[in-house]
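In this text, residue positions in the sequence shown follow full-length UniProt numbering: the first is 1, and each later residue adds one. C-beta atoms are modelled at their ideal positions from N, C-alpha and C, and glycine is treated no differently. None of these values were measured; they are calculated from a predicted model. Structure record follows, encoded as structure tokens.
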Amino acid sequence: MGGHDKGLLNWKGRPMAEWVYRALKSVVAPILISANRSLSAYEQMAPGHVYPDTPDNTGEGPLAGLLRGLIEAEHLGAQAVLVCPCDTPDITPATLSALVEAWKIQPDTPVVAECDGRTHPLHGVYPVSVLVQLGEWLGSGNRRVMKFAESVNAVVVDCPEAEAAFRNRNRPEDLAGK
Numbered sequence: 001m002g003g004h005d006k007g008l009l010n011w012k013g014r015p016m017a018e019w020v021y022r023a024l025k026s027v028v029a030p031i032l033i034s035a036n037r038s039l040s041a042y043e044q045m046a047p048g049h050v051y052p053d054t055p056d057n058t059g060e061g062p063l064a065g066l067l068r069g070l071i072e073a074e075h076l077g078a079q080a081v082l083v084c085p086c087d088t089p090d091i092t093p094a095t096l097s098a099l100v101e102a103w104k105i106q107p108d109t110p111v112v113a114e115c116d117g118r119t120h121p122l123h124g125v126y127p128v129s130v131l132v133q134l135g136e137w138l139g140s141g142n143r144r145v146m147k148f149a150e151s152v153n154a155v156v157v158d159c160p161e162a163e164a165a166f167r168n169r170n171r172p173e174d175l176a177g178k
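So this is what it looks like as structure tokens:
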């Protein structure tokens, strides 16, 4: 977005990433932030829990962030990561909780959100058991998030009431007047 870090752009008086952080914080702990720049700014939101992309995957998109999150989750002894992109500030704790509850039914299987027939693979729960597969996926040059979710047989959870929650703020006009 004009060279600016999207997560730090203002939405309704706060950085977009802060809205996402607050929604996540009411559902899971600890919150890990994976970022490829502006680490010190994110550190203010989650002191001690901000991680850069791995050296081999710097700048390789959202899957590099997921990889780093899974690595850190494994180090912490966590079973999975609940992921949410920084440019969806309207995500709600209820929607995130629904994903976690669906994942608990099959904890070795990733779970991703769907709304109005559109799958949102960056809103989901990924178990650490997919860490090796994701490393291999990125190592072979693949970057498509949806294709990765399909390759690990992610379960799709319908979230019909959450259409606004999944709206990405990718353009300056998406933030106009906010």
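Selection from 59, 24 and 25 that minimises the alpha carbon distance to residue 38: 59
C-beta atoms of residue 17 and residue 42 nearer than 9 Å: yes
C-beta atoms of residue 27 and residue 96 nearer than 9 Å: yes
Classification of residue 132 by the beta-carbon crowding that lies within 10 angstroms, buried from 16 upward: exposed
Assigned exposure category for residue 40 - 16 Cβ within 10 Å defines buried: exposed
Given residue 117 as reference, the closest of 140, 71, 87 and 159 once Cα atoms are compared: 159
Collapsed DSSP secondary structure at residue 135 in the structure displayed: helix
Contact set for residue 62: own chain, Cβ-Cβ below 8 Å, skip 5 residues either direction: 85, 122 and 145
Cα-Cα separation, residue 178 to residue 9: The predicted model places residue 178 with a pLDDT of 49, which falls under 50 and marks its position as unreliable; any figure quoted below should be read in that light. Near 10 Å, if we compare the C-alpha coordinates of residue 9 and residue 178.
Cβ-Cβ distance between residue 65 and residue 34 below 9 Å: yes
Three-way DSSP call (helix, strand, coil) for residue 71 in this model: helix
Whole-angstrom distance between residue 36 and residue 52, CA atom to CA atom: 5 Å
Residue range of the unbroken beta strand (DSSP E) whose run includes residue 33: 33-35
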